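I have placed the structure first, in the form of structure tokens, so that the comments after it can refer back to it.
Right, here's the structure in full:
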């Protein structure tokens with residue numbers, strides 16, 4: 006049976022519209038430089054506040070991908 010190893014990294018995506026778009030931004034950016042993305046887990050949600058209003062939604066996302074190190 007073949008074995009595989011996966012690496013997990015943590016990213017923070019931001020959006021001025023929603024947490025969902027913030028998480029998607031992190032995954033979309035990761036997909037531009039990492040291959041074989043497998044799982045994404047939202048580990049935390051927060052927001053920045055300016056003048057008493059939500060300015061930015063932030064999603065902390067753990068992303069796993071197949072590790073191909075030598």
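Numbering (my numbering), first residue to last: 6 to 75. Glycine is no exception: its CB is placed at the ideal position from the N, C-alpha and C atoms. Given the structure is predicted, the values throughout are model-derived calculations rather than measurements.
- Residue 11 sits exposed, since fewer than 16 C-beta atoms from the chains shown fall within 10 Å of its C-beta.
- Boundaries for residue 23: no alpha helix (DSSP H) harbours it, and the DSSP string shows neither H nor E there.
- For residue 48, the secondary structure class from DSSP, reduced to helix, strand or coil, is strand.
- The alpha-carbon of residue 53 is positioned some 45 Å away from that of residue 7.
- The shortest CA-to-CA distance from residue 44 to any of 68, 34, 36 is the one to 68.
- Boundaries of the beta strand (DSSP E) around residue 66: 58 to 71.
- The C-alpha of residue 57 lies about 29 Å from the C-alpha of residue 32.
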